[in-house]
Amino acid sequence: MEACLREQGLTDSPAFIVDETAIRKSLRDLAELREESGCKVLYSMKALPLQPVVELAAQELDGISVSSLFEARLARECIGADGSIHLTSPGLRNGEFAELSKLCSHISFNSPGQWQTLAAKGGEYSPGLRINPKLSFLSDLRFDPCRPHSKLGIDIELLDQLDWAGDVEGLHFHTVFSCQDFSPLLRTMEKISKALSKQASALKWLNLGGGYLFSQIEDKGAFVQLVKALKGDFALDVYIEPGKDIVGRAGYLCTRVIDRFDSDGKTVLIVDSTVNHHPEIFEYQRAAELLNPQQGEVPVILAGSSCLAGDLFGEYRFDKTPEIGERIVFKNLGAYSLIKANRFNGYNLPTIYNWDGKNLMQLKQDDYQDYRKQWRVGG
Ligand SMILES: *Cc1c(COP(=O)(O)O)cnc(C)c1O
Numbered sequence: 001m002e003a004c005l006r007e008q009g010l011t012d013s014p015a016f017i018v019d020e021t022a023i024r025k026s027l028r029d030l031a032e033l034r035e036e037s038g039c040k041v042l043y044s045m046k047a048l049p050l051q052p053v054v055e056l057a058a059q060e061l062d063g064i065s066v067s068s069l070f071e072a073r074l075a076r077e078c079i080g081a082d083g084s085i086h087l088t089s090p091g092l093r094n095g096e097f098a099e100l101s102k103l104c105s106h107i108s109f110n111s112p113g114q115w116q117t118l119a120a121k122g123g124e125y126s127p128g129l130r131i132n133p134k135l136s137f138l139s140d141l142r143f144d145p146c147r148p149h150s151k152l153g154i155d156i157e158l159l160d161q162l163d164w165a166g167d168v169e170g171l172h173f174h175t176v177f178s179c180q181d182f183s184p185l186l187r188t189m190e191k192i193s194k195a196l197s198k199q200a201s202a203l204k205w206l207n208l209g210g211g212y213l214f215s216q217i218e219d220k221g222a223f224v225q226l227v228k229a230l231k232g233d234f235a236l237d238v239y240i241e242p243g244k245d246i247v248g249r250a251g252y253l254c255t256r257v258i259d260r261f262d263s264d265g266k267t268v269l270i271v272d273s274t275v276n277h278h279p280e281i282f283e284y285q286r287a288a289e290l291l292n293p294q295q296g297e298v299p300v301i302l303a304g305s306s307c308l309a310g311d312l313f314g315e316y317r318f319d320k321t322p323e324i325g326e327r328i329v330f331k332n333l334g335a336y337s338l339i340k341a342n343r344f345n346g347y348n349l350p351t352i353y354n355w356d357g358k359n360l361m362q363l364k365q366d367d368y369q370d371y372r373k374q375w376r377v378g379g
């Protein structure tokens with residue numbers, strides 16, 4: 001990325017660069033995992049629903065995983081009539097279901113009620129249930145699908161009481177986030193295997209969800225074994241649906257310093273972006289990673305341009321205080337950034353570029369008209 005920025009003369013700021021070479025690398029790793037284990041891989045497009053990314057993922061993988069009508073529509077537009085689209089959501093709406101059931105090849109219902117009322121409407125898709133294994137692996141309840149009183153999936157203990165065999169072809173679960181080892185998956189499978197083996201002959205597929213950084217986990221042996229055993233014992237298709245693993249390391253936010261001053265003895269640099277371009281920085285209160293981190297003597301606070309006092313990218317140590325006009329680049333924010341970005345305070349969204357290893361190409365640039373369209377009433 002340094003070479004790209006040095007040689008390509010990027011002038012727009014802020015800019016969001018999609019590193020296609022990094023996406024291709026993750027897709028190759030996943031293709032290898034698919035080859036070794038026999039699992040099928042979907043791209044969970046909610047992480048970054050940018051058309052070229054969805055198209056590239058669909059070309060290399062087995063389909064797209066979506067959460068809503070708009071995602072399903074865009075996915076279908078991107079991948080054409082034949083590709084698989086898998087949906088699960090606690091937010092299925094009655095009035096949208098007819099269209100969804102045509103757009104999607106697989107639908108996992110989130111509750112007994114939705115399954116009973118919506119599945120009765122018929123359709124060509126393969127019906128499934130999202131189950132909740134009730135095994136927590138996350139300390140922050142806000143991100144734990146298995147928290148007490150969870151809204152996500154049917155409690156595994158209740159599954160036995162539902163008469164689903166015959167009407168349901170698949171089961172789905174998704175319980176972790178940014179996970180770097182497979183032990184939660186193994187423990188989850190252990191817990192649900194009893195329920196599974198009772199009904200497995202009725203099932204055609206099992207979706208293990210996303211949340212694992214599959215391509216960053218060195219030893220994939222346990223996963224490969226698990227998938228092979230599932231396929232061997234129950235003769236079903238096993239899916240995974242990563243999002244962040246595919247795009248997380250493929251996003252860079254390029255900003256420029258527009259002001260600097262001292263505040264209570266520390267240097268504050270204002271950049272021409274804001275944490276509203278990657279709200280998880282604020283949500284998790286975790287500093288954004290610099291492309292070129294330094295360990296120098298100069299403490300610097302990198303702050304966004306909005307009126308929010310806590311609009312801060314983080315505190316860093318530089319060798320020397322960056323000048324006004326200097327570029328500051330943050331890395332590893334390809335997932336859950338642009339999709340959550342907003343125009344708070346009226347700041348434009350970053351211009352989007354693609355880097356294919358040779359050329360830096362502008363894909364999309366918003367301007368005042370986009371802001372105006374959002375907020376003007378009656379044109
Ligand atoms: C968000 C989500 C994913 C993708 O999660 P990542 O952490 O980006 O891999 C997959 N499946 C479901 C049901 C999800 O909600």
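Per the UniProt record's numbering, residue 1 is the first one in the sequence shown, and the count goes up by one each step.
Yeah, the Cβ is synthetic: ideal placement off N, Cα and C, and Gly gets one too.
Note that this is a predicted model, so its numbers are computed, not measured.
Query: Contact test: S273 Cβ vs ligand 1 heavy atom, cutoff 6 Å; Result: no
Query: Secondary structure of N276, DSSP reduced to three states; Result: helix
Query: Cβ-heavy atom distance, T188 to ligand 1, below 6 Å; Result: no
Query: For N354, three-class secondary structure by DSSP; Result: strand
Query: CA-to-CA distance, I131 to I154, given in whole angstroms; Result: 4 Å
Query: Heavy atom of ligand 1 within 6 Å of K244 beta-carbon; Result: yes
Query: Span of the beta strand (DSSP E) around D29; Result: Taken as a continuous stretch (DSSP letters only), D29 belongs to no beta strand (DSSP E), being part of the alpha helix (DSSP H) at E20 to S37.
Query: Whether T267 touches V300 by CB criterion (7 Å); Result: yes
Query: Between the CA atoms of P133 and F173 - distance to the nearest angstrom; Result: 7 Å
Query: For K134, the three-state DSSP class (helix, strand or coil); Result: coil
Query: H174 beta carbon near ligand 1 (any heavy atom closer than 6 Å); Result: yes
Query: Candidates K40, Y336, I17 and F16, of which the one nearest D27 by Cα; Result: Residue 27 is actually Leu in this sequence, not Asp. For L27, the nearest C-alpha among the options comes from K40.
Query: Nearest-angstrom beta carbon gap, V257 and I324 [assumed within contact, 8 Å]; Result: 5 Å
Query: The beta strand (DSSP E) enclosing M361, as first and last residue numbers; Result: L360 to K364
Query: Cα-Cα separation, G346 to S183; Result: 45 Å
Query: E241 CB to nearest heavy atom of ligand 1 below 6 Å; Result: yes
Query: Residue span of the beta strand (DSSP E) that contains C254, given as start and end; Result: G251 to S263
Query: C-beta atoms of A287 and G265 nearer than 7 Å; Result: no
Query: Reduced DSSP category for I240 - H, G, I as helix; E, B as strand; rest coil; Result: strand
Query: As assigned by DSSP and simplified to three states, the class of P90; Result: coil
Query: CB-CB length for Q285 against R317, believed under 8 Å; Result: In fact, because the Cβ distance is near 19 Å, the residues do not count as touching under 8 Å.
Query: DSSP bridge partner residues for H172 (one or two, in chain order); Result: R130 and N207
Query: Straight-line Cα distance separating F261 from L269; Result: 7 Å
Query: Y347 - DSSP class collapsed to helix/strand/coil; Result: coil
Query: Option in D356, H277 and Q369 with minimal Cα separation from C4; Result: D356
Query: Burial state of E71 (16 or more Cβ within 10 Å); Result: buried
Query: Contact test: S136 Cβ vs ligand 1 heavy atom, cutoff 6 Å; Result: no
Query: Cβ-heavy atom distance, G210 to ligand 2, below 6 Å; Result: Absence of ligand 2 from the depicted structure is noted, with ligand 1 being the only ligands included.
Query: Closest by C-alpha distance to E157, when choosing among R76, L196, D140 and L186; Result: L196
Query: Where the alpha helix (DSSP H) through F97 begins and ends; Result: F97 to L103
Query: Closer than 6 Å: F214 CB and nearest ligand 1 heavy atom; Result: no
Query: Near ligand 1: F109 beta-carbon under 6 Å from a heavy atom; Result: no
Query: Burial state of C307 (16 or more Cβ within 10 Å); Result: exposed
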